[in-house]
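In what follows, a structure is listed as structure tokens, so that the remarks can point back to it.
In my numbering, the protein residues as written are 49 to 574.
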């Protein structure tokens, strides 16, 4: 700083300006005032400069921080992009390496397969070469023997040559033919038995069987016992009119609030039941209302019959049956054989025939058609001579069924000879449906009586010691006296017993007869 500003009075004194003191004082005051003003302004300016610099530094720091964050984020994005690109490149190279490894493996497998095929071809060529060599040797030996034979044949006539060749061929082939025939027969019987068992078991397992209940009568419930008097009517005119119109018999006894409808024809019995049920609900019972109720019930039963036949055909998926056949099938709904509903039995036989035909490679549609129609003769009304099998066969033949179906219907009880495999399937399916567990039922008393009659029939034959009915009456075992009955006589007893069972007994399915003749020797060591 200049000396003037440090000590202005001393400077002025040295400058020898005392003469100008008033002006010097003013100048001094002005200088001091200017210095003060300058100093104050410089201080404010410095403070402002410091504040602006601090603000600029703070802004610069924030901008630098933001720029640093942006640079960092940009660097991270660039790094991530490079890393993804590197990963893609690695994946691509890995896929290429995998493909190349697969190609190499496939080439190796192809080479190994070619090596195996070449080895097989080599072995086959070796075998063929060996076989050709053996055949060449055999031909040479045969040529030598033939030459020798020709030398001998040249001295024989034609008949001697034929006879010699025939004897030689018979001797060479007899043993081989016998062994081959035995092998074929044994194997065929075993194969047939195994295949038959498999088909039967498969067919029965695929059938969803259900038990049948014993249905012996039709009962109509009454609201009270007074209704019995209305049904009988004055002097019995109502019950007489009802029985004459329906063709059934009404059994009115002391049983409370019930009437029994009896008739040999199940369709008539069903019409009578429906009509009587409608009359009881209406309450007005007289000859005119009886005729009207019977007509209405007959129309309802006819509709039910037609619907039942169509349902059976639809269940089996059969097409092309005539309406007359469908209507007659529906009547089987009201018929029972040993408490087994005949219509359900026919449908079941159709299913069984279809399943077995499929196993044997036959047409299942033809088989199920024959199975469904096999018992249709049981529903044919009128005076027809012959069994239901022959009646049913004649009926379906007149309504356009094929000869295969007609023969299957006629032969299902073996009254005529089966001509096709379909007839055999119907015979087998009919037996299976009848003898399967729960298919048919009979009262306990009837069952016991049938077994007792079977045993008594066997015991009535001379020479029989014991007889046992087993397997629910499907087999009878007979024990004969070995001292009185020979083996031939035991065989004759089995035949005679079979004939008597067929002639004198009524039974479902079949009965097997087994005659046992044996000697027993017993000693006791003491």
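Heads up, the beta-carbon is just placed ideally off N, CA and C, and yes, glycines get one too.
Note to self: Along the chain, where does the beta strand (DSSP E) containing residue 310 start, and where does it finish?
What the structure shows: For residue 310, the enclosing beta strand (DSSP E) covers residues 306–310.
Note to self: Using only the alpha-carbon positions, how far apart do residue 413 and residue 440 sit?
What the structure shows: Rounded to the nearest angstrom, the two C-alpha atoms are 19 angstroms apart.
Check: With 7 angstroms set as the bound, which would you pick, yes or no: does the beta-carbon of residue 157 sit closer than that to a beta-carbon of chain C?
Finding: The structure shown contains no chain C, having only a single protein chain.
Next item on the list: Evaluate the contact criterion for the stretch 543–563 versus the stretch 514–526: three or more CB pairs, one atom per stretch, below 8 angstroms.
Entry: yes
Next item on the list: Within the stretch 307–353, note down every full alpha helix (DSSP H) run reaching 4 residues or more, in order along the chain.
Entry: Counting only unbroken stretches of 4 or more residues, the alpha helix (DSSP H) elements lying wholly within the stretch 307–353 are 314–330, in sequence order.
Checklist line | Range of the contiguous beta strand (DSSP E) that encloses residue 380 | finding: Careful: residue 380 lies outside any beta strand (DSSP E) and carries neither H nor E.
Next item on the list: Write down the C-beta distance between residue 469 and residue 424 rounded to the nearest angstrom, noting that I regard them as a contact closer than 8 angstroms.
Entry: Actually they do not touch by this definition, with Cβ atoms about 21 angstroms apart.
Note to self: What would DSSP say about residue 559, mapped onto helix, strand or coil?
What the structure shows: Coil, per DSSP.
Item checked: Alpha-carbon to alpha-carbon, residue 179 and residue 210 -> 32 angstroms
Margin query: What would DSSP say about residue 569, mapped onto helix, strand or coil?
Written below: DSSP places residue 569 in coil when its eight states are reduced to three.
Check: Quick one, are the C-beta atoms of residue 529 and residue 514 less than 7 angstroms apart?
Finding: no
Checklist line | Buried or exposed by the 16-neighbour rule on C-beta atoms within 10 Å, applied to residue 567 | finding: exposed
Notebook entry, point to check: Tell me the DSSP bridge mates of residue 424?
Noted result: Beta-bridge pairing links residue 424 to no other residue.
Note to self: On the CB-based measure, 16 or more other CB atoms within 10 Å of its CB, does residue 146 come out buried or exposed?
What the structure shows: Exposed, because fewer than 16 other Cβ atoms sit within 10 Å of the Cβ of residue 146.
Next item on the list: Would you list the one or two residues that DSSP bridges to residue 523?
Entry: 518 and 560
Margin query: Taking the straight line between their C-alpha atoms, what separation do you get for residue 407 and residue 305?
Written below: 54 angstroms
Next item on the list: Give the C-beta separation of residue 426 and residue 476 to the nearest angstrom, bearing in mind that I take them to be a contact with Cβ-Cβ under 8 angstroms.
Entry: At roughly 20 angstroms, the Cβ-Cβ gap does not stay under 8 angstroms, so residue 426 and residue 476 are not in contact.
Margin query: Assuming residue 439 is part of the alpha helix (DSSP H), what are its boundary residues?
Written below: 436–446
Next item on the list: Go ahead and label residue 272 buried or exposed: buried means 16 or more other beta carbons lie within 10 angstroms of its beta carbon, across all protein chains shown.
Entry: exposed
Next item on the list: Pick out whichever of 457, 527 and 481 has its Cα sitting closest to the Cα of residue 503.
Entry: 527
Notebook entry, point to check: Where does residue 298 fall in DSSP's three states?
Noted result: Correct three-state label for residue 298: strand.
Check: What is the DSSP secondary structure of residue 291, counted as helix, strand or coil?
Finding: helix
Checklist line | Environment of residue 187 [buried if 16+ CB atoms lie within 10 Å] | finding: Exposed.
Next item on the list: Report back the beta-carbon spacing between residue 397 and residue 436 to the nearest angstrom; my notes put them in contact at under 8 angstroms.
Entry: Not a contact, Cβ separation roughly 14 angstroms.
Notebook entry, point to check: Considering only the beta carbon of each residue, do residue 459 and residue 466 sit closer than 7 angstroms?
Noted result: yes
Check: Would you call the stretch 343–351 and the stretch 312–321 in contact, with 3 or more CB pairs under 8 angstroms?
Finding: The answer is yes - the stretch 312–321 touches the stretch 343–351, with three or more Cβ pairs under 8 angstroms.
Next item on the list: Tell me, please, which residues DSSP counts as bridged to residue 152.
Entry: None, per the DSSP bridge assignment.
Checklist line | Same chain, Cβ closer than 7 angstroms to residue 294, five either side skipped, listed in chain order | finding: 316, 319, 320, 323 and 342
Check: Nearest-angstrom Cα distance between residue 509 and residue 531?
Finding: 16 angstroms
Item checked: Reduced DSSP category for residue 93 - H, G, I as helix; E, B as strand; rest coil -> helix
Margin query: Please classify residue 135 as buried or exposed, where buried requires at least 16 neighbouring CB atoms within 10 angstroms.
Written below: exposed
Next item on the list: State the DSSP-derived secondary structure class of residue 534, mapped to helix, strand or coil.
Entry: Three-state DSSP puts residue 534 in coil, outside helix and strand.
Margin query: Quick test of the definition: if touching needs 3 or more C-beta pairs under 8 angstroms, does the stretch 327–341 touch the stretch 281–296?
Written below: The answer is yes - the stretch 281–296 touches the stretch 327–341, with three or more Cβ pairs under 8 angstroms.
Margin query: So for residue 267, helix, strand or coil by DSSP?
Written below: The answer is strand: DSSP assigns residue 267 an E or B state.
Check: Can you name, in chain order, every residue of its own chain whose Cβ lies under 6 angstroms from the Cβ of residue 106, other than the five neighbours on each side?
Finding: There are no such residues.
Next item on the list: Determine, using beta carbons only, whether residue 548 and residue 505 come nearer to each other than 7 angstroms.
Entry: Note that the C-beta distance between residue 548 and residue 505 is below 7 angstroms.
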